[in-house]
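Those protein sequence lines, which keep their order, are chains A and B. Just so it is clear: in the first sequence, position 35 is 35 by UniProt numbering, and no numbers are missing. Just so it is clear: in the second sequence, position 160 is 160 by UniProt numbering, and no numbers are missing. For reference, the structure discussed in these notes is given below.
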Amino acid sequence: MSTAANTAVNTTSPSAAGGSITPVVVRLKLSLLRGGLRRSGGRRAAYIASAVVALLFAVSQLLGMILLRGHAHIASVTVLGTAVLALGWAVMPLFFPSGDETLDPTRLVMLPLRPQPLVRALLAASLVGIGPLFTVLLLTGCVISVAHGAAAYAVAVLALLLALLVCVALARAVAAANTRLLTSRKGRDLAVLSGLVIAIGAQLVNFGMQRLGSSGLGRLDPVADVVRWVPPASAVGAVDSVSDGSYGVAVAQLALTAAALAALLTMWARTLTRLMTSPDASTLQPADTAARDRSRTGGLTRLLPSGRTGTVMERSLRYVWRDPKTKAAWVTSLAIGLIVPVFNALQGTGSLYFACFAAGMLGIQMYNQFGQDTSAFWMVALTISTPRDAYLELRGRALALLVVTLPYATLVTVVTTALLGDWPRLPEVLGLSFSLLGAMLATGAWTSARFPYSIPQEGHKNVAPGQAGLAWIAIAGGMVSAALLSSPVIALAIWANVSATGDTWSWLLLPAGAAYGAAITYAGLRLAAPRTAARLPEILTSVSKG
Amino acid sequence: MVSNSAVRVQGLWKRFGQQVAVAGIDLELPAGKFIGLVGPNGAGKTTTLSMVTGLLRPDQGTVEVVGHDVWRDPVAVKARIGVLPEGLRLFERLSGRELLSYSGRLRGLPGAEVDRRATQLLDVLDLSGAQHKLVVDYSTGMRKKIGLACALLHNPEVLFLDEPFEGVDPVSAQTIRGVLERYTASGATVVFSSHVMELVESLCDWVAVMAAGRIRAHGTLAEVRGQAPSLQRAFLELVGAQGREAGSDLDWLGGGTR
């Protein structure tokens, strides 16, 4: 890292001196890559593993495409594949803004560089890495599968180069246009939530693939007819056109791709110039936006109980909505808690007992309560003097969770029951849900006090380095204990199912499960409170590592 | 209980692994004074303040704040102290006003009283315009000010501030200063850490100098300064940083050839 940085600094004004800064920037990129990997062994291992996986995927894709040569719909598949690849390049910088440091032009703002050489240099540097290699392999597969004849192969080389450059330039142009957003707090929040977007997107793609699998690739053709004119897919389209002998069309498609590349580079150069010449306004104080949310605040406060309970509940509920990490965890829990029982029921493979997933998934949110506070836990620690204070604090958090979880778990259970048409079992499953929820709250409160760990605020990790074991003990141990704790109600449910007279009594499981859940929550909070009060400094130390 | 010392520390030790952060501190801080805890980076100021305020458990030693043991009588101590730590977050996804409201209610103050005090504090600290902005979007100076407001809200007897002026612009610094001076004039005690000697010299009437986990000197400003022309000089002598003339090797720096 230092050698490249020195080179960059010593080369006072490369454009004036007649030299090119391209090699300097490429070397800087390589040094940054090396430096990033040198920081820790785990990082190196993760990088190598992800590189291997990505390359294996790309190579298998390449081989698959070559095998598919001559398939009736292969042209549509390659064209659409290229378009999806380009889309990936376009959204990548929005989700992983810190992925490439050479990409952030504001870091180079103090160096005397002109936009044109800078754009060339950054473009060249962008071609270094796993991403571009992955793209080259995929694009190679695409062009080989549609190229027939020497002319087509010649065009394929040009098409490959153009498509790759368009992808990279697209990513850089998008990143530069959004640098201000991406370096702001809102951009970082967005990055934290991006995992969810990708997960949901994967579900949609999966759904689309299943539809395609059932109705055939022919459905792609009308879309592909349009996309083959959209750069960079138009470059792959050109190869196909040459194979068909339509040279005029191929020239038009290649020209379109080249024009798109030129346009992207111009746009990128303009944005870079603006970024590097105008001051950063992100720390300027915006005009007063007073009284914007005053009424909303008042409303929420009025509905909640007074005293510590209401104060804690209000803060917890606000964090569910406003804190990206908490929000991501909640949305995941809510989604899985709904998807598992309802989708299984829709596919006819479901059991009503899957409805307990909702309670179980949301109960997880009670775990590591103080870790969710991050080091701001000191504000809580300074107001806890007695086990009573700790009890009120934990109870407030449990109540905030119940405000969402109770209606949600009930709703999911009712919806699943309606889908399966198994109404007689509803009370029984609700009772099971409530007792499981109670057990999760109890074990969650206890492990929050006993095994707290830090949740890093940036990035996708949910455990601070070195605390993974702690988190594992807390969550896995807690969930096993929760299952054991709700075993009396589970036993009752089994009895109701196997016994001859069980059906007449199974409705009793609803009140019994609810009462048991409430009692065990109370017991869990009571046990956790003195531990919390006695371990405040230790908890603060454990949760301050992120 | 009757005591004219705000804080009494005896035999305080803290080790982190091999490293000794605080190596046996005995210190008595007088009540009603503006007290500065000064020392270079890594001297153990933050560790000491964390242990005194009950946020970090000492390996050894006792701490009493206004006559109450911090670890045996937390009820009495926590109600009487206000703290602004360094390097710890606030609940930053709340707006400034929400944070004050949360902090005050958590301490058991009545809601109406919290709102009244919050309005005044926001006003005095020049945060009224940003009161509905999330704290995560605040600048460093604004964060220090909202942290100070949280620490003052329950009208504590002793206020502990860790680097309250670090990274704060001159305007905000003056505001913070004004509030603190008004607060000590009423008989309350302020203990703050800093490595900016000019600031300590102009604000404090009592100083403790820390280096390498020990107290090197303590007493009134005049006592600690002694014969030295300024606190800065006295401090450099105390921590043994004298005689290291900076820059004799950098003969190429400035003028001549580039």
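Even for Gly, the Cβ is constructed at its ideal location relative to N, Cα and C.
Item: Skipping 5 residues on each side, what residues in its chain have a beta carbon closer than 6 Å to that of Glu201(B)?; Value: Leu231
Item: Select from the stretch 179-201 of chain B all residues with a C-beta closer than 9 Å to any C-beta belonging to chain A, and list them in chain order.; Value: none
Item: Ala173(A): which of Gly129(A), Ala263(A), Ala250(A) sits nearest, CA to CA?; Value: Ala263(A)
Item: Beta carbons nearer than 7 Å to chain A: which residues of the stretch 58-84 of chain B have them?; Value: Pro74, Val75, Lys78, Val83
Item: Residues of the stretch 465-491 of chain A with a CB closer than 7 Å to any CB of chain B: list them in chain order, please.; Value: none
Item: Are Ala163(A) and Ala235(A) closer than 7 Å when you measure CB to CB?; Value: yes
Item: Could you work out which residue in Ala147(A), Ser243(A), Ala224(A), Leu87(A) is closest to Val168(A) when comparing CA atoms only?; Value: Leu87(A)
Item: Of the residues Ser306(A), Met313(A), Tyr453(A), Pro537(A), which one's Cα is nearest the Cα of Pro110(B)?; Value: Ser306(A)
Item: Please decide whether Tyr102(B) counts as near chain A, where near means a Cβ-Cβ distance under 7 Å.; Value: yes
Item: Less than 7 Å between the C-beta atoms of Leu272(A) and Pro115(A), yes or no?; Value: yes
Item: In terms of residues, what are the limits of the beta strand (DSSP E) holding Ala217(B)?; Value: 214-220
Item: Report yes or no: do three or more beta-carbon pairs, one from the stretch 520-533 of chain A and one from the stretch 437-444 of chain A, lie closer than 8 Å?; Value: yes
Item: Here's the rule: buried if 16 or more other CB atoms are within 10 angstroms of the residue's CB, otherwise exposed. What is Thr47(B)?; Value: buried
Item: Looking at the ligand ATP, does it come within less than 6 Å of Val136(B), judged from the CB to the closest heavy atom?; Value: With respect to the ligand ATP, the structure shown offers nothing to examine, as it has no ligands at all.
Item: Exposed or buried, Leu159(B), counting other C-beta atoms within 10 Å across all chains shown (16 or more means buried)?; Value: buried
Item: Closer than 8 Å, Cβ to Cβ, to anything on chain A: give me those residues from the stretch 134-153 of chain B, in chain order.; Value: Leu134, Val136, Asp137, Ser139, Cys150
Item: Is any beta-carbon of chain A found at less than 7 Å from that of Ala91(B)?; Value: In the sequence under discussion, the amino acid at residue 91(B) is Phe, which differs from the Ala named in the question. Yes, because at least one Cβ of chain A sits closer than 7 Å to the Cβ of Phe91(B).
Item: On the premise that Val136(B) lies in contact with Glu92(B), defined as a C-beta separation below 8 Å, what is that separation, rounded to the nearest angstrom?; Value: 4 Å
Item: So which residues on chain B does Trp378(A) lean against when the C-beta distance must stay under 7 Å?; Value: Leu55, Pro85, Leu88
Item: What is the DSSP secondary structure of Ala46(A), reduced to helix, strand or coil?; Value: helix
Item: Could you check the C-alpha separation between residue 547(A) and Gly502(A) for me, to the nearest Å?; Value: No information on residue 547(A) is available, as it lies outside the stretch 1 to 546 that chain A covers here.
Item: What is the C-beta distance between Leu55(B) and Trp378(A), in whole angstroms, given that I count them as a contact (C-beta under 8 Å)?; Value: 6 Å
Item: Identify whether Ile473(A) lies in helix, strand or coil by the three-state DSSP scheme.; Value: helix
Item: Where does Thr48(B) sit, in a helix, a strand or coil, going by DSSP?; Value: helix
Item: Shortest alpha-carbon distance to Ser5(B) belongs to which of Ala185(B), Val66(B), Gly219(B)?; Value: Val66(B)
Item: Listing by chain order, which chain A residues have their CB less than 7 Å from the CB of Arg107(B)?; Value: Thr383
Item: With 16 as the cutoff for other CB atoms within 10 Å, does Gln369(A) come out buried or exposed?; Value: buried
Item: For Gly82(B) and Pro156(B), I'd like the C-alpha separation in whole angstroms.; Value: 5 Å
Item: Keeping to the same chain, check which residues put their C-beta closer than 8 Å to that of Thr374(A); ignore five residues upstream and five downstream.; Value: Ser454, Ile455, Gln457, Val543, Ser544, Gly546
Item: For Lys14(B), name the three-state secondary structure that DSSP assigns.; Value: strand
Item: So Ser194(B) is in the beta strand (DSSP E); what residue range does that whole segment cover?; Value: 189-194
Item: If you drop the 5 nearest sequence neighbours on each side, which residues of the same chain put their C-beta closer than 7 Å to that of Ala72(A)?; Value: none
Item: Could you have a look at Ile364(A) and say whether DSSP puts it in helix, strand or coil?; Value: helix
Item: Would you mind stating whether Thr447(A) and Ala474(A) have Cβ atoms separated by less than 7 Å?; Value: yes
Item: Using alpha carbons as the reference points, say which of Thr135(A), Ser20(A), Val84(A), Thr82(A) lies closest to Ala59(A).; Value: Before going further, note that residue 59(A) is Val rather than Ala in the sequence given. Among Thr135(A), Ser20(A), Val84(A), Thr82(A), the Cα nearest to that of Val59(A) is on Thr135(A).
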